[in-house]
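Novice: Chains A and B, in that order, give the protein sequences.
If you count the first sequence from 1, you need to add 83 to reach my numbering.
If you count the second sequence from 1, you need to add 1 to reach my numbering.
We put the beta carbon where it would ideally sit given N, CA and C, even for glycine.
Owing to the predicted nature of the structure, the values given are computational and were not obtained by experimental measurement.
A single structure is presented below for examination.
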Amino acid sequence: MNNLIIHAFIRGAAQNYLDPSSGSIIIQLILGAVLGLGVVVRVFWKKIKAFFTRNRIEPDVVLDPTTIVEVPSSNYSERNE
Amino acid sequence: MVEKVRGSFRDPSGFIFAVDGQLFRQINEKYREDYDLLMNSGLYDQLTKSKTLVSHKEADLALAPRAEIAYKVIQPGVVDFISYPYEWCFNQLKDAAILTLSIARRALEFDMSLKDASAYNIQFHHGRPIFIDTLSFEKYQEGLPWVAYKQFCQHFLAPLALMAHTDIRLVQLLKVYIDGIPLDLASELLPAGTKLNFGLATHIHLHAKSQQRYANKEISQDDMRGHISKSQLNGLFDNLLSTVRGLKVKTIATEWTDYYQNNNYTQASFEEKRSLVKSLIEKVNPKLVWDLGGNIGEFSRAASGMGIPTVCFDIDPGAVQQNYDLVKKNKEKFMLPLLMDLTNPSPALGWHNAERDSMQARGPVDLVMALALIHHLAISNNVPLFDVADYFAELGDYLILEFVPKSDSQVKKLLTSRKDIFPGYSLEGFRIAFSSRFEIISEEKVPGSERTLFLLKKK
């Protein structure tokens with residue numbers, strides 16, 4: 084089944100207007116396997132830590148796009164004010 | 002009058018067009034499902050609320066230039082000035098990369114996938130990067146890899162890594178490669194030490210090897226064992242994010258960053274020049290200002306501080322970066338620092354030479370400022386004063402220009418190592434040359450210096 088999905092993806096590049104490039108997909112699949120494991124370990128570790136420190140699990144604020152571009156306060160002086 | 006925007010053709014989901022100077026986007030029937038999902042899933046609301054995606058209004062469908070395939074017409078918010086990644090400093094490109102990844106990750110939470118990761122989808126507006134392509138989102142399909150992974154590495158990771166580890170000037174390669182720097186080239190140019198950095202070793206070096214190995218090869222079922230789950234994709238995004246975050250340029254102290262500590266002005270005459278410039282800007286009351294050779298934006302801020310969108314161009318990556326860091330620190334809304342070599346300004350690029358506009362084609366503006374720049378163009382680059390006048394007249398209607406005479410220490414310095422072949426370079430010669438294209442509205446000596454500040458109006 085999985086193979087079929089990937090195969091359809093590569094063959095069906097017609098669906099994508101970008102050429103994803105076979106080599107790029109293969110390295111991505113390998114990295115996904117390695118890095119996905121990291122995500123699982125991290126989540127698991129957070130849970131263990133939370134259990135012992137009795138803290139609630141913090142949301143992942145670092146990845147919030149608003150962290151690099153905050154919403155400006157509404158009273159920001161606009162032009163010519 | 003409907004005008005085609007010639008750079009907007011790659012994505013069959015839709016295209017940009019202009020009606021009487023106003024920008025619109027036709028969304029094609031083909032993109033209906035994805036557009037509806039973007040709008041109804043809450044993703045659009047969240048991204049526009051955080052000002053990370055350009056917001057839009059739905060417009061009259063009757064405007065669609067290709068009605069037979071149109072689903073909707075939208076009118077996106079406009080940015081003050083369109084800039085390109087080869088005009089950004091390191092931190093601008095880095096913030097653009099972080100924003101792209103953050104949006105890709107956020108989209109996934111809403112079961113959508115970012116289908117492209119082009120650096121040209123990011124613009125700087127109100128001092129911050131913003132994603133401008135509403136059509137970049139598609140329904141996420143369980144198990145499929147990220148289709149824009151290669152593009153992200155070419156458009157962002159490769160130039161950032163090259164700037165951080167090889168040479169900051171290599172961002173200019175983006176002018177040569179419109180779809181980002183080829184990874185085999187990046188891999189070759191990066192120092193061997195970067196192979197010890199997990200992110201760069203995998204996303205650039207191994208990635209390039211993998212592309213080479215599988216180029217023109219039918220991929221066997223064995224090679225494609227397994228699919229990539231959502232949490233694996235998140236792992237990939239996280240790793241790309243931490244790789245990008247880990248890239249830094251050493252403090253860039255180049256020729257101009259300490260200019261103001263080491264120039265012809267005392268603090269008092271500097272302040273006087275600033276208020277003089279400010280009063281001239283007020284006289285012109287422009288909608289948009291270009292400050293050419295604006296360094297870290299000391300005098301651009303005379304304009305941007307009044308709420309006038311101002312682009313501060315400088316040739317020095319150190320100065321542009323310092324300026325951008327200030328913009329971020331002070332949350333300035335009207336200042337856009339950009340990298341530009343005025344002796345060789347950004348050309349028109351891409352297919353039909355029409356995908357990316359030249360610097361000049363993005364003008365003209367109401368007011369151009371060229372303070373202490375003329376000697377660099379006329380003496381360092383040998384441009385005759387008449388030609389400088391011609392060029393500036395094409396860029397803007399009004400010009401605030403500071404003339405720096407030969408008696409000034411900065412000009413003396415330029416002439417120490419070369420023969421003075423510029424007999425016409427004098428205040429009188431300047432007046433004659435610029436009078437061919439401009440009317441001199443005012444001229445005033447800058448206190449405490451040999452220099453003269455002109456306000457000129459195009460004839």
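By DSSP, does B:L289 sit in helix, in strand, or in coil?
Specialist: As a working mapping, residue 289 of chain B is identified with position 288 in the second sequence. Coil, per DSSP.
Novice: Within 8 Å (strictly less), CB to CB, does B:A33 reach chain A?
Specialist: Position 32 of the second sequence, counted from the start, is the residue given in the question as residue 33 of chain B. For clarity, residue 33 of chain B is Arg in the given sequence; the question names Ala instead. Chain A contact via Cβ: absent.
Novice: Can you tell me whether B:R419 is helix, strand or coil according to DSSP?
Specialist: Along the second sequence, one-based indexing puts residue 419 of chain B at 418. In the structure shown, B:R419 sits in coil (DSSP, three-state: anything other than H, G, I, E or B).
Novice: Are any of the Cβ atoms in chain B nearer than 8 Å to that of A:A133?
Specialist: Position 50 of the first sequence, counting from 1, holds the residue named residue 133 of chain A. No, its Cβ sits nowhere closer than 8 Å to a Cβ of chain B.
Novice: Just by C-beta distance, which residues in the segment 80-106 of chain B are closer than 7 Å to chain A?
Specialist: D96, I99, L100, S103, I104 and R106
Novice: Whose C-beta lies closer than 8 Å to the C-beta of B:S42 among residues of the same chain, with five residues either side of it excluded?
Specialist: Taking the second sequence and counting its residues from 1, the one referred to as residue 42 of chain B is at position 41. Answer for B:S42: F111, D112 and M113, listed in chain order.
Novice: So the candidates are B:S103, B:L38 and B:Y72; which of them puts its Cα closest to the Cα of B:L242?
Specialist: Translated into the one-based positions of the second sequence, residue 242 of chain B becomes position 241. For the residues B:S103, B:L38 and B:Y72, the minimum Cα distance to B:L242 belongs to B:S103.
Novice: Terminal residues of the continuous beta strand (DSSP E) containing A:Q111?
Specialist: Looking up residue 111 of chain A in the first sequence gives position 28. Premise fails: A:Q111 lies in the alpha helix (DSSP H), S105 to T136, not in any beta strand (DSSP E).
Novice: Where are the alpha helix (DSSP H) runs, 4 residues long or more, that stay fully inside the segment 399-456 of chain B, in chain order?
Specialist: 410-417 and 428-436
Novice: How many Å lie between B:L48 and B:D409 at the Cα?
Specialist: By one-based count along the second sequence, residue 48 of chain B stands at place 47. By one-based count along the second sequence, residue 409 of chain B stands at place 408. If you take the alpha carbons of B:L48 and B:D409, they lie about 52 Å apart.
Novice: If you measure from the beta carbon of A:S107 to each beta carbon in chain B, is any gap under 8 Å?
Specialist: Residue mapping note: residue 107 of chain A aligns to position 24 of the first sequence, counting from 1. Interface residue, yes.
Novice: For the beta strand (DSSP E) holding B:D391, just list the boundary residues, first then last.
Specialist: Reading the second sequence from its first residue, position 390 is the one you call residue 391 of chain B. Premise fails: B:D391 lies in the alpha helix (DSSP H), L386 to L396, not in any beta strand (DSSP E).
Novice: Give me the Cα-Cα distance between B:L145 and A:G119, rounded to the nearest whole angstrom.
Specialist: Reading the second sequence from its first residue, position 144 is the one you call residue 145 of chain B. Reading the first sequence from its first residue, position 36 is the one you call residue 119 of chain A. Spanning the two alpha carbons is a distance of roughly 14 Å.
Novice: Compute the Euclidean distance between the alpha carbons of B:L163 and B:K210, then round it to the nearest angstrom.
Specialist: The residue given as residue 163 of chain B occupies position 162 in the second sequence. The residue given as residue 210 of chain B occupies position 209 in the second sequence. Distance between the alpha carbons of B:L163 and B:K210 is about 18 Å.
Novice: Would you list the one or two residues that DSSP bridges to B:Q23?
Specialist: Taking the first residue of the second sequence as 1, we reach residue 23 of chain B at position 22. Note: B:Q23 sits in a beta bridge opposite B:V20.
Novice: Relative to the alpha-carbon of B:A390, which residue among B:E59, B:P66, B:N198 and B:I433 has its alpha-carbon at the smallest distance?
Specialist: For the purposes of this step, residue 390 of chain B is taken as the residue at position 389 of the second sequence. The candidate whose alpha carbon is nearest that of B:A390 is B:I433.
Novice: By the criterion of Cβ-Cβ separation under 7 Å, what are the contact partners of B:Q27 in chain A?
Specialist: Locating residue 27 of chain B in the second sequence gives position 26, where the first residue counts as 1. By Cβ distance, chain A contributes nothing, its closest Cβ being about 16 Å from B:Q27, past 7 Å.
Novice: Whose C-beta lies closer than 6 Å to the C-beta of B:H126 among residues of the same chain, with five residues either side of it excluded?
Specialist: As a working note, residue 126 of chain B is residue 125 in the second sequence. Correct list, in chain order: V80.
Novice: Alpha carbon to alpha carbon, how far is B:A379 from B:P287? Give it in angstroms, no decimals.
Specialist: Here residue 287 of chain B refers to the residue found at position 286 when the second sequence is read from its first residue. Here residue 379 of chain B refers to the residue found at position 378 when the second sequence is read from its first residue. So the alpha carbons of these two residues sit roughly 27 Å apart.
Novice: Got a sec: is the Cβ-Cβ distance from A:Y159 to anything in chain B below 8 Å?
Specialist: Taking the first residue of the first sequence as 1, we reach residue 159 of chain A at position 76. Confidence at A:Y159 is low in this model, with a pLDDT of 32, below 50, so its placement is unreliable and the value that follows should be read with caution. True, the Cβ-Cβ gap to chain B drops below 8 Å.
Novice: Can you find the residues in the same chain that come closer than 6 Å, C-beta to C-beta, to B:E139, ignoring five residues on each side of it along the sequence?
Specialist: Translated into positions along the second sequence, residue 139 of chain B becomes position 138. Correct list, in chain order: D35, S114 and K116.
Novice: Of the residues that make up the segment 337-358 of chain B, which ones have a beta carbon closer than 8 Å to any beta carbon in chain A?
Specialist: none
Novice: Run down chain A in chain order and give the residues with a C-beta less than 7 Å from the C-beta of B:D117.
Specialist: Here residue 117 of chain B refers to the residue found at position 116 when the second sequence is read from its first residue. Result: L101.
Novice: Are the beta-carbon atoms belonging to B:K460 and B:E440 less than 8 Å from one another?
Specialist: Taking the first residue of the second sequence as position 1, residue 460 of chain B is located at position 459. Taking the first residue of the second sequence as position 1, residue 440 of chain B is located at position 439. Cβ distance < 8 Å, so B:K460 and B:E440 count as in contact.
Novice: Would you mind listing the beta strand (DSSP E) stretches within the segment 24-64 of chain B that are 3+ residues and don't spill past its ends, in chain order?
Specialist: 57-60
Novice: With DSSP as the reference, label B:V321 as helix, strand or coil.
Specialist: Here the question's residue 321 of chain B lines up with position 320 in the second sequence. B:V321: helix per DSSP, three-state reduction.
Novice: Return the CA-CA distance between B:I236 and B:P310, expressed in angstroms with no decimal places.
Specialist: By one-based count along the second sequence, residue 236 of chain B stands at place 235. By one-based count along the second sequence, residue 310 of chain B stands at place 309. Here the sequence assigns Gly to residue 236 of chain B, which means Ile is not the residue at that position. C-alpha separation (whole angstroms): 39 Å.
Novice: Could you work out which residue in B:E395, B:L343, B:P365 and B:R357 is closest to B:I375 when comparing CA atoms only?
Specialist: Translated into positions along the second sequence, residue 375 of chain B becomes position 374. Residue B:L343 is the option with its Cα nearest to B:I375.
Novice: Report the rounded CA-to-CA distance for B:R302 versus B:A193, giving the unit in angstroms.
Specialist: Looking up residue 302 of chain B in the second sequence gives position 301. Looking up residue 193 of chain B in the second sequence gives position 192. Whole-angstrom Cα-Cα distance: 42 Å.
Novice: Examine chain A for any beta-carbon lying closer than 8 Å to the beta-carbon of B:W291, and answer yes or no.
Specialist: To locate residue 291 of chain B, count along the second sequence from 1; it is residue 290. Chain A contact via Cβ: absent.
Novice: Would you check if the segment 15-26 of chain B and the segment 67-84 of chain B touch, i.e. whether three or more CB-CB distances between them fall below 8 Å?
Specialist: yes
Novice: Run through DSSP, which three-state label would B:I375 get?
Specialist: Here residue 375 of chain B refers to the residue found at position 374 when the second sequence is read from its first residue. Helix, per DSSP.
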